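Working notes, structure below.
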């Protein structure tokens, strides 16, 4: 029996007596060694292994997937039907197998010849040349036009046309797939692989490989080592694997992932999922430094640990840079860039980009410095460039430049420095002591709470169409001191002191310069007359509701109204304070035909949203979104310039969601901002009914019925 082969039918024929044999193996998976002499072997049906031995031999494979073992003699091969391969693995020197011309030479291949039907070859342990035949691929998923195994040695393998299966084996191989959808494995060694046209699947495996997909939708796996991957035309998928890789997508919508697995014992971390402060320094910060070029097309790029260099190129790219200090250039197009853990330098480039210096907004990130083991590993530098960008610093002390056009800049946690540059920019400082410089044009500085604003420096800047707004409508109680008019006569500078209650103690300060407009408390969430509220007696206009009416709620059935209030607004008041203007929600603008008619509400009135995106983004089935955060004229939600307005609000024992014009919206919630916005007489009415609401602890206990989204969160799906 030939070593290394197993005959499933137990037919083993040994013709080693030296005669000139004629052997018929017939059906079954046979192993035949013709031995010495000039032999003729017929394999018959089945998957046979045929060895001619010494002498001049003629081997006929017949039907089935046959292997012809080329020996020292002069052999003639006819494969027949099936996947038939030559085996020169025992040759003492390199062989050349050219199926396109039918020529065989070198080592045990000398003086061998092919009649027909040979589809592939197994090379020797030396530097072989294996060339396929040019044929249109008609193979199934497990049958290939050409099948070559290079084995050891620096082999040259060329598949030509058809769907080929090419294995380089050990050492440094050069492999060309040619036409067709090829499967190519470089094996160990520093291999060079060119997939050619067709949708190829290429594995570099061990070694520093160069992989080129060329035309077609190719999938490239670099494997271990410092690899170079080039996708070529069309939409390619590139995986770098371990090592410091270079990946270039070129044209097409590419997916590029060089993150690879992380050696926990040596690297400590998780690729593209780094969380600030949770991991020690990388033991080897240079063993996975990747370079990625997205090229044209809308690419998805993911890198892992170590300092990577990423260029998105043209197209709308999604870039996730993972752990350590990365350099990222989004290039042209509307890009999403997530810097991940590490001190990254990010240039968003042209286009309307969204940039997170650290983790995305959907990741949990609440790590104050006193518990952050690494309070210095998320210090990002972000350049927005041209376009209307949304830039998030996230964790640690970031420096953010908005660049040209109308940007949104959010510093996140810790002490950030933000520059709006040109354009109408929006700032959100977040936690920490931040400095925000608006630059030219109309800038807006927003704060969600006094806690976020304490210690901040706000400079509206000058130049362009300058009209800067400091929005204090959500910070609770405050007073302005040392306010002076700036030399231009249009803006003021001063200090905002935050207080715990009217006439109470100062909790902190914010300083501002070059501000033209300060927004104070907006009206509470409320309806306008004519809005139909669902009650147990049917729909009623909101202005006709009375205390004691039983209103239908989403969570608790019919509930009695405990208090009703209203606030008329004159045209002069609305003109002087645009933030008091109502929001018009057109019929059907909320989806599913809702609301059932045009509805007018205050800007802070919150609407229930419950679609698939909400669950994916916020892990909640339903959220509340302020009407002002839903403004999108193209979708039927817009601010209106009203000549007058009356706002009507009603409350229950608890915060509820009610049916208004067929849509679910909120009732009055007596938080700090809402209580500050109603008249003193109305506050007295409320606290007489609910004495606990006179104190901050009581107002905090009157919780919202749903998660309420912030402005930038609402932008993610509106």
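Numbering (the UniProt record's numbering), first residue to last: 1 to 718.
From the three backbone atoms N, C-alpha and C, an ideal C-beta is built for every residue, glycine too.
Quantities reported herein were computed from a predicted structural model and do not represent experimental measurements.
Handout entry: Option nearest residue 547 by Cα separation, candidates 564, 531, 72
Key = Against the chain shown, residue 547 aligns to sequence position 547. Comparing Cα-Cα distances from residue 547 to each of 564, 531, 72, the minimum goes to 564.
Exercise for the section: From the DSSP output, in three-state form, read off residue 327 for me. Expected result: As a first step, residue 327 must be located in the chain shown, where it is residue number 327. It is a strand residue.
Problem - Exposure of residue 86, with buried meaning 16 or more beta-carbon neighbours within 10 Å - result: Stepping through the chain shown from its first residue, residue 86 is reached at position 86. By the neighbour-count rule (16 or more Cβ atoms within 10 Å), residue 86 is buried.
Handout entry: Per DSSP, cross-strand counterpart(s) of residue 462
Key = Taking the first residue of the chain shown as 1, we reach residue 462 at position 462. Residue 462 is not bridged to any residue.
Exercise for the section: With DSSP as the reference, label residue 454 as helix, strand or coil. Expected result: In the chain shown, residue 454 corresponds to position 454, counting from 1. In this structure, residue 454 counts as coil in the three-state DSSP scheme.
Problem - Buried versus exposed call for residue 147 [16 or more other C-beta atoms within 10 Å across all chains shown] - result: For the purposes of this step, residue 147 is taken as residue 147 along the chain shown, with counting starting at 1. Counting Cβ neighbours within 10 Å, residue 147 comes out buried, since at least 16 surround it.
Handout entry: Beta-bridge partners of residue 722, as assigned by DSSP
Key = What is shown of the chain runs 1 to 718, which leaves residue 722 out entirely.
Practice task
Taking all protein chains shown into account, decide if residue 470 is buried (16 or more other Cβ within 10 angstroms of its Cβ) or exposed.
Solution key: Along the chain shown, read from residue 1 onward, the residue named residue 470 stands at position 470. Buried, since its Cβ has 16 or more Cβ neighbours within 10 Å.
Problem - Delimiting residues of the beta strand (DSSP E) encompassing residue 175 - result: Residue 175 sits at position 175 when you count from the first residue of the chain shown. Residues 174-176.
Handout entry: Coil, strand or helix - residue 578 by DSSP
Key = Indexing the chain shown from 1 puts residue 578 at position 578. Here residue 578 sits in helix by DSSP.
Problem - Coil, strand or helix - residue 689 by DSSP - result: Here residue 689 corresponds to residue number 689 of the chain shown, with the count starting at 1. Of the three classes helix, strand and coil, the one that applies to residue 689 here is helix, per DSSP.
Practice task
Report the rounded CA-to-CA distance for residue 224 versus residue 204, giving the unit in angstroms.
Solution key: For this step, residue 224 is matched to residue 224 along the chain shown. For this step, residue 204 is matched to residue 204 along the chain shown. So the two alpha carbons sit approximately 8 Å from each other.
Problem - DSSP-derived helix/strand/coil call for residue 701 - result: Residue mapping note: residue 701 aligns to position 701 of the chain shown, counting from 1. DSSP places residue 701 in helix when its eight states are reduced to three.
Handout entry: Alpha carbon of residue 632 to alpha carbon of residue 623, nearest angstrom
Key = By 1-based counting over the chain shown, the position of residue 632 is 632. By 1-based counting over the chain shown, the position of residue 623 is 623. One C-alpha to the other measures close to 18 Å.
Exercise for the section: Could you round the C-beta distance between residue 53 and residue 33 to whole angstroms and report it? I think they count as a contact, below 8 Å. Expected result: Residue numbering aside, residue 53 sits at position 53 when the chain shown is read from its first letter. Residue numbering aside, residue 33 sits at position 33 when the chain shown is read from its first letter. That belief holds up - the Cβ atoms of residue 53 and residue 33 are roughly 6 Å apart, short of 8 Å.
Exercise for the section: Give every residue of the same chain whose Cβ lies closer than 6 Å to the Cβ of residue 382, excluding the five residues on either side of it in the sequence, and list them in chain order. Expected result: Numbered from its first residue, the chain shown carries residue 382 at position 382. Excluding residues within five positions, the ones whose Cβ falls inside 6 Å are 346, 355, 357, 391, 400.
Exercise for the section: Have a look at residue 429 and residue 452 and give me their C-alpha separation to the nearest angstrom. Expected result: Numbered from 1 along the chain shown, position 429 holds the residue referred to as residue 429. Numbered from 1 along the chain shown, position 452 holds the residue referred to as residue 452. When rounded, the distance between both Cα atoms is 7 Å.
Handout entry: Proximity test, Cβ basis, 7 Å: residue 546 and chain B
Key = Protein chains in the displayed structure number just one, and chain B is not present.
Handout entry: Status (buried if at least 16 other CB within 10 Å, exposed otherwise) for residue 485
Key = Position 485 of the chain shown holds residue 485. Within a 10 Å sphere around the beta-carbon of residue 485 sit fewer than 16 other beta-carbons, which makes this residue exposed.
Handout entry: Nearest to residue 585 (by Cα), restricted to the options 594, 202, 310
Key = In the chain shown, the residue the question calls residue 585 occupies position 585. The residue with the shortest Cα to Cα distance from residue 585 is 594.
Problem - Beta-carbon gap between residue 676 and residue 637 smaller than 7 Å - result: Stepping through the chain shown from its first residue, residue 676 is reached at position 676. Stepping through the chain shown from its first residue, residue 637 is reached at position 637. With contacts defined by Cβ atoms closer than 7 Å, residue 676 and residue 637 do not form a contacting pair.
Exercise for the section: Using 10 angstroms around the beta-carbon of residue 239, count the other beta-carbons present and answer buried if the total reaches 16, otherwise exposed. Expected result: Taking the chain shown and counting its residues from 1, the one referred to as residue 239 is at position 239. With at least 16 other beta carbons inside 10 angstroms of its own, residue 239 counts as buried.
Problem - Range of the contiguous alpha helix (DSSP H) that encloses residue 613 - result: Taking the first residue of the chain shown as position 1, residue 613 is located at position 613. Note, residue 613: alpha helix (DSSP H), 612-618.
Handout entry: Minimum C-alpha distance to residue 256 - residue among 208, 321, 578
Key = Residue numbering aside, residue 256 sits at position 256 when the chain shown is read from its first letter. Minimum Cα distance to residue 256 is reached at 321.
Problem - Counterpart residues of residue 649 in DSSP-defined beta bridges - result: Taking the chain shown and counting its residues from 1, one reaches residue 649 at position 649. 565.
Problem - Check whether residue 169 and residue 175 have beta carbons under 7 Å apart - result: By 1-based counting over the chain shown, the position of residue 169 is 169. By 1-based counting over the chain shown, the position of residue 175 is 175. The answer is no: Cβ separation not under 7 Å.
Practice task
Assuming residue 387 and residue 402 form a contact by the criterion Cβ under 8 Å, report the distance between their Cβ atoms to the nearest whole angstrom.
Solution key: Position 387 of the chain shown, counting from 1, holds the residue named residue 387. Position 402 of the chain shown, counting from 1, holds the residue named residue 402. In fact, because the Cβ distance is near 10 Å, the residues do not count as touching under 8 Å.
Problem - Chain-order list of residues whose beta-carbon lies under 8 Å from that of residue 45 (same chain, five-residue window excluded) - result: Locating residue 45 in the chain shown gives position 45, counting from the first residue. Answer for residue 45: 26, 27, 28, 62, 63, 64, listed in chain order.
Problem - For residue 675, the three-state DSSP class (helix, strand or coil) - result: Looking up residue 675 in the chain shown gives position 675. Looking at residue 675 - three-state DSSP - the assignment turns out to be helix.
Problem - Residue burial classification, residue 616 (beta-carbon count within 10 angstroms, cutoff 16) - result: Translated into the one-based positions of the chain shown, residue 616 becomes position 616. It counts as exposed.
Practice task
Using the Cα positions of residue 635 and residue 587, report the straight-line distance between them to the nearest angstrom.
Solution key: On the chain shown, residue 635 is found 635 positions in, with the first residue counted as 1. On the chain shown, residue 587 is found 587 positions in, with the first residue counted as 1. Residue 635 and residue 587 have their C-alpha atoms spaced approximately 10 Å apart.
Handout entry: Minimum C-alpha distance to residue 405 - residue among 426, 411, 417
Key = Taking the first residue of the chain shown as 1, we reach residue 405 at position 405. For residue 405, the nearest C-alpha among the options comes from 426.
Practice task
Check whether the Cβ atoms of residue 171 and residue 198 sit closer than 7 Å, and answer yes or no.
Solution key: Indexing the chain shown from 1 puts residue 171 at position 171. Indexing the chain shown from 1 puts residue 198 at position 198. No, they are not a contact pair.
Problem - Cutoff 8 Å; reference residue 350; Cβ partners in own chain excluding five residues on either side - result: Translated into the one-based positions of the chain shown, residue 350 becomes position 350. 331, 332, 333, 385, 386, 387.
Practice task
Could you pull out every residue in the same chain whose Cβ sits closer than 6 Å to the Cβ of residue 159, ignoring the five residues on either side in sequence?
Solution key: Here the question's residue 159 lines up with position 159 in the chain shown. So the qualifying residues of the chain are 132, 146, 166, 177, 178, 182.
Exercise for the section: Going by DSSP, name the residue or residues bridged to residue 165. Expected result: In the chain shown, the residue the question calls residue 165 occupies position 165. 147, 183, per the DSSP bridge assignment.
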